[in-house]
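Visitor:
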Amino acid sequence: MNSLAFYNPRFTSDLFDVIDRNFANLMPSENERHTFTPRVDIRETPNAYILDMDLPGFTEKDVELSLKDKVLSISSKKEEKKEEKQEGEWLIRERKICSFSRKFTLPQDIDAEKVTAEFKNGVLTVDIPRRPEPESKQISIKVN
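Read in the UniProt record's numbering, the sequence shown has 106 at position 106, and its numbers run on one by one without any break.
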């Protein structure tokens with residue numbers, strides 16, 4: 001049985017790795033860059049695995065995807081642009097620049113050469129095609 005799972009290098013189970021979350025950065029100081037964990041939905045079809053990730057406020061230029069050794073990495077290191085002198089002083093500023101990194105262990109039946117990604121309306125969709133499972137082969141027995 002194949003499965004798609006969150007990646008955690010401390011565990012090697014292909015069935016389901018522990019969620020890779022960075023708890024140390026949940027409460028960054030005012031001067032630190034804000035990190036978050038984008039929400040993900042993953043579907044399995046007969047021909048592919050489909051990953052949808054909500055990335056509001058990001059564009060395709062802000063996101064980096066890589067696939068190596070059956071681990072899909074999705075990350076962003078969006079840098080805050082230095083603003084010219086603004087009139088007034090910030091009273092509330094919740095829309096800070098965010099960065100993230102998510103990794104997923106992919107099953108053995110993927111076709112890594114045909115993985116595609118599309119970014120539309122703040123949602124990243126990654127289509128991970130599956131290779132067809134080989135059919136069993138009948139082996140004849142020879143008699144000497």
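Glycine is no exception: its CB is placed at the ideal position from the N, C-alpha and C atoms.
1. Using the Cα positions of Ile97 and Val63, report the straight-line distance between them to the nearest angstrom.
2. In this structure, how does DSSP classify Lys68 when only helix, strand and coil are distinguished?
3. Quick one, which of Pro107, Ala117 and Ile92 has its alpha-carbon nearest Val71's?
4. Give the DSSP-derived three-state secondary structure of Lys137 in the structure shown.
5. Using 10 angstroms around the beta-carbon of residue 146, count the other beta-carbons present and answer buried if the total reaches 16, otherwise exposed.
6. Are Val115 and Met53 touching if we call contact CB-CB under 8 Å?
7. Output the boundary residues of the beta strand (DSSP E) element that contains Phe119.
Guide: For this structure:
1. In the sequence shown, counting from the first residue as 1, residue 97 sits at position 97. In the sequence shown, counting from the first residue as 1, residue 63 sits at position 63. Distance between the alpha carbons of Ile97 and Val63 is about 13 Å.
2. Counting from 1 along the sequence shown, the entry for residue 68 is found at position 68. Strand at Lys68.
3. Here residue 71 refers to the residue found at position 71 of the sequence shown. Val71 has its Cα closest to that of Pro107, out of Pro107, Ala117 and Ile92.
4. On the sequence shown, position 137 is the one that residue 137 refers to. It is coil, neither helix nor strand.
5. This structure cannot speak to residue 146, because the chain is shown only from 1 to 144.
6. Here residue 115 is taken as the residue at index 115 of the sequence shown, counted from 1. Here residue 53 is taken as the residue at index 53 of the sequence shown, counted from 1. No.
7. Along the sequence shown, read from residue 1 onward, the residue named residue 119 stands at position 119. Thr116 to Lys120 is the span of the beta strand (DSSP E), which, as asked, contains Phe119.
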